[in-house]
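Reading through the structure tokens given below for one structure.
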Amino acid sequence: MSEIIETRERGLHEECGVFGVYGVPNASSFIYYGLHSLQHRGQEGCGMVTVDEEQKFHSHRGQGLVSEVFNQAVLDIIPGNMGIGHVRYSTYGGGGIENVQPFYFHHKNGDFALAHNGNIVNAAELSSELEDKGYLFRTTSDSEILAHLIRKPKNGQRITSIISALNKLEGAFSFLIMTKNRIYACRDKYGLRPLSIATLAGGYVVSSETCAFDIIGAKYLRDIEPGEIVCIDRHGLRSNFYCSDTSSKMCAMEFIYFARPDSKICGRNVHSYRKESGRLLYHQSPCKADIVVGVPDSSLSAAMGFSEASGIPLETGLVKSRYIGRTFIQPVQALREMGVKMKLSAIREVVEDKSIVLIDDSIVRGTTSRRIVKLLRDAGAREVHVRIASPPLISPCFYGVDISDYDQLISANMGVQEVCEAIGADSLVFLNEENTLKAAKGIADLCMACFTGDYPTATFGHLVKKNK
57 MSEIIETRER
67 GLHEECGVFG
77 VYGVPNASSF
87 IYYGLHSLQH
97 RGQEGCGMVT
107 VDEEQKFHSH
117 RGQGLVSEVF
127 NQAVLDIIPG
137 NMGIGHVRYS
147 TYGGGGIENV
157 QPFYFHHKNG
167 DFALAHNGNI
177 VNAAELSSEL
187 EDKGYLFRTT
197 SDSEILAHLI
207 RKPKNGQRIT
217 SIISALNKLE
227 GAFSFLIMTK
237 NRIYACRDKY
247 GLRPLSIATL
257 AGGYVVSSET
267 CAFDIIGAKY
277 LRDIEPGEIV
287 CIDRHGLRSN
297 FYCSDTSSKM
307 CAMEFIYFAR
317 PDSKICGRNV
327 HSYRKESGRL
337 LYHQSPCKAD
347 IVVGVPDSSL
357 SAAMGFSEAS
367 GIPLETGLVK
377 SRYIGRTFIQ
387 PVQALREMGV
397 KMKLSAIREV
407 VEDKSIVLID
417 DSIVRGTTSR
427 RIVKLLRDAG
437 AREVHVRIAS
447 PPLISPCFYG
457 VDISDYDQLI
467 SANMGVQEVC
477 EAIGADSLVF
487 LNEENTLKAA
497 KGIADLCMAC
507 FTGDYPTATF
517 GHLVKKNK
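Start counting the sequence shown at 57; every next residue gets the next number (the working numbering).
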């Protein structure tokens, strides 16, 4: 179902990020900075659609990073005080410029654009039903399914078709839908993907993460609730819920890995969560060592917490290069692996003859962990004790993370000791499920499906295939 493209050496990839602006002059400039802040959520492609004062739509999309796709000359030809933007990493449907969002649709009952973060689990069933009714698809993205479902009826309101459409979707999604005079911000009934709203210069901003608000000077207002549709127009904010059966099941990996540490999710700062998980990891499994080393960048907060709890000094034993291109662009596997090695290096003077506690956020396939352990040993490390600030990944995710097969998960096929031997570590401990939830402090619940196999939504037989 998913096309796996190695865009980062870590092995886990979240699908995308969305950003919208309403009622702010030069909206495209604010969207540019917002997308730049969300770049970690997708590096394959990006785009934006704006609406000008004459209610005309303007669009620009491209493959690559935000800074590669947009410049001032491009922003100057995307006018308006309203717009939506998107950064993409493909899971469902694969890559290609045709799948880069936001999508813009011209329709006799009203033009609209949409951007989507997440994954529609029943996409295959819905697209088959629509095709049987004569609908044509111009992309292979599951996001286009919503576009066909929400087309404004000739004598009806758009909100009615949106509510009807969202009730047909199963899975994780945050949608931004923009018409000529308003933006609809929609979140799935389980709250699996984050979506927040802020105020800016008399207008409003919507973002997948709150870190994007800070860079443009927007003031955080609130999270959009699970199952909620917020309509933003000249009347201000109006709220509807497309269903009453809602729950809060924020993806645990948003806290553990995906989100930026300066973002706030469900009222909890991501850095604080990760630091607390590191503290709990030490108390769960104390370890004697000379130094603590975190794998940059998402594991540094957990390493800080582990160091503070243990009293073991935190050291920068690994350095990540900021200037190496994305490894997936190399056409030969050997060149890709060389690019990965160039991204991370050990500081010999720090790690030589030391017993090290290596903190990482997760182990997916195990290849990266094995490479890092070897890197430290080659630099003279005496011992490498690996501590993971999350439980073992044992089940696929169908909610916008590109692990849809058990064969991609080393812990689905090996026990902890076997994984330890496979990565070449002296010892290995994962944070348990209880402490993963405990670190969230006050959040009602988290989706832990990739750790437990207990999915909050309906699953489908063709998705869950255990290849053992």
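Backbone N, C-alpha and C fix where the C-beta goes; we use that ideal spot for every residue, glycine too. Quantities reported herein were computed from a predicted structural model and do not represent experimental measurements.
Which one of the options has the shortest CA to CA distance from residue i?
i              : options                        : result
isoleucine 134 : Gly118, Gln119, Val107         : Val107
glutamate 281  : Ala274, Arg290, Ile253, Gly258 : Ile253
glutamate 154  : Glu200, Val351, Ser411         : Glu200
arginine 243   : His172, Phe193, Thr266, Tyr276 : His172
isoleucine 370 : Ser467, Asp270, Leu400, Lys410 : Before going on, a small fix: residue 370 reads as leucine here, not isoleucine. Comparing Cα positions, the closest option is Lys410.
glycine 101    : Ile415, Ala435, Asp318, Gly141 : Gly141
isoleucine 321 : Ser264, Val348, Gly273, Tyr338 : Ser264
alanine 496    : Gly471, Leu487, Glu185, Tyr329 : Tyr329
valine 420     : Phe311, Ile479, Val407         : Ile479
leucine 431    : Phe362, Tyr260, Ile412, Asp417 : Ile412
valine 286     : Ser230, Gln340, Gly90, Leu337  : Ser230
valine 440     : Asp188, Ile347, Glu226         : Ile347
lysine 164     : Gly103, Lys236, Asn137         : Lys236
leucine 94     : Val122, Gln157, Val80          : Val122
alanine 315    : Gln111, Val457, Asp434         : Val457
serine 483     : Gln473, Thr492, Glu490         : Gln473
histidine 204  : Phe193, Glu109, Arg443         : Phe193
alanine 268    : Thr513, Gly367, His96          : His96
arginine 433   : Ser418, Leu414, Ser446, Leu449 : Leu414
isoleucine 403 : Ile272, Ser357, Asn223, Ser377 : Ser377
Any idea what DSSP makes of residue i, helix, strand or coil?
i                 : result
phenylalanine 193 : coil
methionine 234    : strand
serine 115        : strand
glycine 227       : strand
proline 512       : coil
histidine 162     : coil
threonine 372     : coil
tyrosine 78       : strand
leucine 400       : strand
serine 284        : One point to set straight first is that residue 284 is glutamate, not serine, in the sequence displayed. Glutamate 284 falls in the strand class under three-state DSSP.
arginine 214      : helix
valine 97         : Sequence inspection shows arginine at residue 97; the valine mentioned does not correspond to that position. Reduced to three states, the DSSP call for arginine 97 is helix.
phenylalanine 384 : The predicted model places phenylalanine 384 with a pLDDT of 38, which falls under 50 and marks its position as unreliable; any figure quoted below should be read in that light. Three-state DSSP puts phenylalanine 384 in a helix.
isoleucine 61     : Confidence is the limiting factor: at isoleucine 61 the pLDDT is only 27, short of 50, which leaves the residue's position unreliable, though a coordinate-based value still follows. Note: isoleucine 61 maps to coil in three-state DSSP.
leucine 131       : helix
arginine 392      : Below a pLDDT of 50, predicted positions are generally treated as unreliable, and arginine 392, at 46, falls in that range; the measurement from the model is reported next regardless. Looking at arginine 392 - three-state DSSP - the assignment turns out to be helix.
threonine 492     : helix
valine 156        : coil
isoleucine 219    : helix
glutamate 405     : helix
phenylalanine 507 : helix
isoleucine 450    : coil
tyrosine 246      : coil
serine 377        : coil
Tell me residue i's beta-bridge partners as DSSP assigns them.
i              : result
cysteine 72    : Arg144
threonine 255  : Tyr260, Lys275
glycine 292    : Asp289
isoleucine 444 : Asp416, Phe486
methionine 306 : Leu502
glutamate 439  : Ser411
glutamate 139  : Position check: residue 139 holds glycine in this sequence, whereas glutamate was assumed. Looking at the DSSP assignment, glycine 139 forms a beta bridge with Val77, Thr106.
At what residues does the alpha helix (DSSP H) containing residue i begin and finish?
i            : result
cysteine 299 : Segment: none, cysteine 299 is in no alpha helix (DSSP H) and carries neither H nor E.
valine 125   : 122–125
glycine 90   : 83–93
leucine 182  : 179–188
serine 199   : 199–205
Output the boundary residues of the beta strand (DSSP E) element that contains residue i.
i             : result
alanine 169   : 168–176
tyrosine 240  : 239–243
threonine 424 : Counting along the chain, threonine 424 falls outside any beta strand (DSSP E), though it belongs to the alpha helix (DSSP H) covering 423–434.
cysteine 476  : Per DSSP, cysteine 476 belongs to no beta strand (DSSP E); it is in the alpha helix (DSSP H), 472–479.
threonine 106 : 101–107
With a threshold of 7 Å (Cβ to nearest heavy atom), would residue i be considered close to the ligand ADP?
i            : result
tyrosine 160 : Within the structure as shown, the ligand ADP is missing, as the structure has no ligands at all.
Mind listing, in chain order, the continuous alpha helix (DSSP H) runs of no fewer than 4 residues lying wholly within the stretch 314–369?
326–340, 356–366, all fully within the stretch 314–369.
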